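J.: Quick note, the sequences are listed as chains S and U, same order.
In terms of the numbering used here, the first sequence is numbered consecutively and its last residue is 236.
In terms of the numbering used here, the second sequence is numbered consecutively and its last residue is 1320.
Virtual Cβ for every residue (Gly too), placed ideally from N, Cα, C.
Keep in mind the model is a prediction, meaning the values are calculated, not measured.
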Amino acid sequence: MTALLEVRGLSVSYGGLRALKDVSFSVAPGECFVLLGANGAGKTSLLRCIGGLVRPVAGAISGNGLSLLGLRPSAIAHRGIAHVPEGRRVFPHLSVFENLSVSWLRRPGGPTLPDAVERIYGMFPRLAERRHQLAGTLSGGEQQALAIGRGLMNSPSLLMLDEPSLGLAPVITRQVFSQLNSIRESGIALLLVEQNASSLDLATRGLVLANGSVALAGSRDNLRDSAFVRRAYLGL
Amino acid sequence: MRRRDLLVGGGMALAVALVPFIPGINSYYISVIVRALTFIMLGQAWNVIAGLGGQLSLGHGVFFGVAAYAVAFLFNGFGISPWLGLWVAMALSALLALLIGLATFRSRGVYFALATVAISLGFEKVARFLTAYTGGDAGLAVNFRGTAPWAMQFRGPAPFLWMDLVVVVGFYLFTRWLLRSRLGLRLQAVRDDEDAAAASGVDVFATKMVGFAISAAMTGLAGVLHVQFYLAIDPGTAFGLFQAIQIQLPALIGGLGTAAGPILGGAIAILLSEATNWWATVSKLQGADTLVYGVVLLGVVLFAPAGVMGFLRRKRATPR
Chain S
1 MTALLEVRGL
11 SVSYGGLRAL
21 KDVSFSVAPG
31 ECFVLLGANG
41 AGKTSLLRCI
51 GGLVRPVAGA
61 ISGNGLSLLG
71 LRPSAIAHRG
81 IAHVPEGRRV
91 FPHLSVFENL
101 SVSWLRRPGG
111 PTLPDAVERI
121 YGMFPRLAER
131 RHQLAGTLSG
141 GEQQALAIGR
151 GLMNSPSLLM
161 LDEPSLGLAP
171 VITRQVFSQL
181 NSIRESGIAL
191 LLVEQNASSL
201 DLATRGLVLA
211 NGSVALAGSR
221 DNLRDSAFVR
231 RAYLGL
Chain U
1001 MRRRDLLVGG
1011 GMALAVALVP
1021 FIPGINSYYI
1031 SVIVRALTFI
1041 MLGQAWNVIA
1051 GLGGQLSLGH
1061 GVFFGVAAYA
1071 VAFLFNGFGI
1081 SPWLGLWVAM
1091 ALSALLALLI
1101 GLATFRSRGV
1111 YFALATVAIS
1121 LGFEKVARFL
1131 TAYTGGDAGL
1141 AVNFRGTAPW
1151 AMQFRGPAPF
1161 LWMDLVVVVG
1171 FYLFTRWLLR
1181 SRLGLRLQAV
1191 RDDEDAAAAS
1201 GVDVFATKMV
1211 GFAISAAMTG
1221 LAGVLHVQFY
1231 LAIDPGTAFG
1241 LFQAIQIQLP
1251 ALIGGLGTAA
1261 GPILGGAIAI
1271 LLSEATNWWA
1281 TVSKLQGADT
1291 LVYGVVLLGV
1301 VLFAPAGVMG
1311 FLRRKRATPR
């Protein structure tokens, strides 16, 4: 079976400063792969690189067996790999409905804009209530739901999320994680970047990044049982 | 469209359209309105790329100038009617925008803004030295034909008032449509957050290119109407920095990224400029008009950074 996403030997530099060194992993259809790591470990660089926002200096990225290197971010999104960037980056001066419609793609046989938006409202009823409100006036949890909803507009096969729990109250974080779980159960694979180790509850597999390299990789239980993760992320 | 907008907007447009029919009106006042409408039109054009798209074109005068020179050159040299020439002029402006965008929209930061200034100043020099085609420093005078509708020439200013009014209303309706259209939403998404727009599947480069070309073509139309009204164009008026700064005022004063903003802002700026000009003449303080004008503009930027529209919205907003 071809992997949904395959990353091989990926390295990223910012003007001589190495952010990622030789990172490899793959995501299978329908799984939840978690990337754990401290601030500055290279997690965001990794997602931005897969999403086409940053060019790697070495390595290969492929989606469904086809190389994604050199594609524009929009082209990568159109191949079913959606990226929800760090920090709930909604478009503050557009309404909830307009935020969602920005990422809608007209495709032969695809859903119409109203259908696609209604599907998102079905998943996030709060967004339906606030459809005409400007996104900048939503609460943090609502903005995160909107950012995730925007990523789901074109029914991606893989949803990449950059720290969806960042800056949210624990109770809201739990809501977001449970929504992510339903999304995964609907068959969409997740690539979840987190510092919050409770994200491991969602995970099938994952890896830990430290200083831009893979420090540890394995199944959820492997990660949870490792002394490193227990000490650094679970506070045990 | 909301009924209130229709009534207010339609009423204002009708009032302006009827001004030339006021018995015994001095044509100077009609000329002032023509100047105001051109100013508003330029603001509406700039607002598309800067207000909706967030791309700060600091040398937007270049599109105004290129179109003005093009239509004058085509008429003087080949007898081509400005009614045809305006399409060529608008296409040239759009093409120039695409070339500038091609060179600068792939990189981030200030390159775009700087490139527009550099190109504008470059064109000013070209216009001064290509004397055979542009008339050099003195500029081009459009061959005078008296009242000749086919040549877009009229003895009085009233026909220009009506033409400019049609364009301003058209630009307003276009901006209202654009704000809610797919292209307009993408432009605003790029303005609000370029990375998030790209991650949402928006082709950032293509969106900026299309927005910039539309804005340039609109600016070009203003250039055509300007040159037909004055029947002359010179390098300073066309490509000078003053013109480039003027273009930004209506949207900045009225409210960036709104449909009505450039209209309000343009009207306010012209009234202010006329009033200070009059005051400076009466009080014999030469240059005082520019000073007062500058101070008031500074006040707008400091105290109403979202422009008049932003100020009105804040007042109208009721607590939930």
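Using a Cβ-Cβ distance cut-off of 8 Å, determine whether S1200 of chain U contacts chain S.
T.: Cβ-Cβ to chain S under 8 Å: yes for S1200 of chain U.
J.: Pull out every residue of the region 60 to 82 of chain S whose Cβ sits closer than 7 Å to any Cβ of chain U, in chain order.
T.: Under the 7 Å Cβ criterion, the region 60 to 82 of chain S contributes R72, P73, S74, A77, H78.
J.: For my contact list, I61 of chain S and L68 of chain S are in at a C-beta cut-off of 8 Å; report their separation, rounded to the angstrom.
T.: Contact flag correct, Cβ pair sits at about 5 Å.
J.: Answer yes or no: does any C-beta atom of chain U fall closer than 8 Å to that of F228 of chain S?
T.: No, because no Cβ of chain U sits closer than 8 Å to the Cβ of F228 of chain S.
J.: Compute the beta-carbon to beta-carbon distance between T1134 of chain U and Y1069 of chain U, rounded to the nearest angstrom, for a pair I have assumed lies under 8 Å.
T.: Confirmed, Cβ separation roughly 6 Å.
J.: Please confirm if F91 of chain S has its CB atom under 8 Å from at least one CB of chain U.
T.: Yes, F91 of chain S lies at the interface with chain U (some Cβ there is under 8 Å from its Cβ).
J.: Could you confirm whether any beta carbon from chain S is found closer than 8 Å to the beta carbon of M1164 of chain U?
T.: A small correction: the amino acid at residue 1164 of chain U is Asp; Met does not occupy that position in the sequence shown. Not an interface residue.
J.: So, does the CB of A1304 of chain U fall closer than 8 Å to a CB anywhere in chain S?
T.: Not one chain S Cβ lies under 8 Å of A1304 of chain U.
J.: Taking contact to mean 3 or more Cβ pairs, one atom from each stretch, closer than 8 Å, check whether the region 207 to 220 of chain S and the region 14 to 28 of chain S are in contact.
T.: With a cut-off of 8 Å, the region 14 to 28 of chain S and the region 207 to 220 of chain S count as touching, because enough Cβ pairs lie within range.
J.: Whose Cβ in chain U lies nearer than 7 Å to the Cβ of P85 of chain S?
T.: Under the 7 Å cutoff, chain U gives D1195, A1196, A1199.
J.: Check the C-beta distance from V96 of chain S over to Q133 of chain S and give it rounded, since I have them as a contact under 8 Å.
T.: Right, the Cβ-Cβ distance comes to about 6 Å (below 8 Å), so this counts as a contact.
J.: Would you mind sorting L1014 of chain U into buried or exposed? The rule is 16 or more other CB atoms within 10 Å of its CB.
T.: Counting Cβ neighbours within 10 Å, L1014 of chain U comes out exposed, since fewer than 16 surround it.
J.: If the criterion is Cβ atoms closer than 8 Å, does the pair M1218 of chain U and Q1044 of chain U meet it?
T.: Taking 8 Å as the Cβ cut-off, M1218 of chain U and Q1044 of chain U qualify as a contacting pair.
J.: What residues from chain S crowd round L1183 of chain U, counting only those whose CB sits closer than 7 Å?
T.: Those do not exist, as L1183 of chain U stays about 11 Å from chain S at its closest Cβ, beyond 7 Å.
J.: Got a sec? Which residues, its chain only, sit under 7 Å from P156 of chain S by beta carbon, not counting five neighbours each side?
T.: Counting only Cβ-Cβ distances below 7 Å, and skipping sequence neighbours, we find G80, I81, A82, I188.
J.: Starting from E185 of chain S and walking both ways along the alpha helix (DSSP H), at which residues does that stretch end?
T.: Segment 170 to 185, the alpha helix (DSSP H) holding E185 of chain S.
J.: Just to make sure I have the definition right: I need the residues of chain U whose C-beta is within less than 9 Å of the C-beta of L127 of chain S. Which are they?
T.: By Cβ distance, chain U contributes nothing, its closest Cβ being about 15 Å from L127 of chain S, past 9 Å.
J.: With a cut-off of 8 Å on the beta carbons, I'd call L159 of chain S and I183 of chain S a contact; round off their distance for me.
T.: Their Cβ separation, rounded to whole angstroms, is 7 Å, which keeps L159 of chain S and I183 of chain S in contact under 8 Å.
J.: Tell me which residues share the same chain as R1108 of chain U and place their Cβ nearer than 8 Å to its Cβ, disregarding the 5 neighbours each side in the sequence.
T.: Closer than 8 Å at the Cβ level, and outside the excluded window around R1108 of chain U, lie E1194.
J.: DSSP has E6 of chain S in a bridge; who is on the other side?
T.: In DSSP, E6 of chain S forms a bridge with S:S26, S:S62.
J.: Using the C-alpha atoms, what's the distance from A41 of chain S back to A1259 of chain U?
T.: If you take the alpha carbons of A1259 of chain U and A41 of chain S, they lie about 45 Å apart.
J.: Report yes if the C-beta distance between A217 of chain S and F25 of chain S is below 8 Å; otherwise report no.
T.: Yes, the Cβ-Cβ distance between A217 of chain S and F25 of chain S is below 8 Å.
J.: Where G1146 of chain U and M1012 of chain U are concerned, what is the direct C-alpha to C-alpha distance, given to the nearest angstrom?
T.: Whole-angstrom Cα-Cα distance: 31 Å.
J.: L5 of chain S to S45 of chain S, Cα distance in whole Å?
T.: Between L5 of chain S and S45 of chain S, the C-alpha separation is close to 16 Å.
J.: Looking at chain U, is there any beta carbon in it that lies within less than 8 Å of the beta carbon of G187 of chain S?
T.: For G187 of chain S, the answer is no, since every Cβ of chain U falls outside 8 Å of its Cβ.
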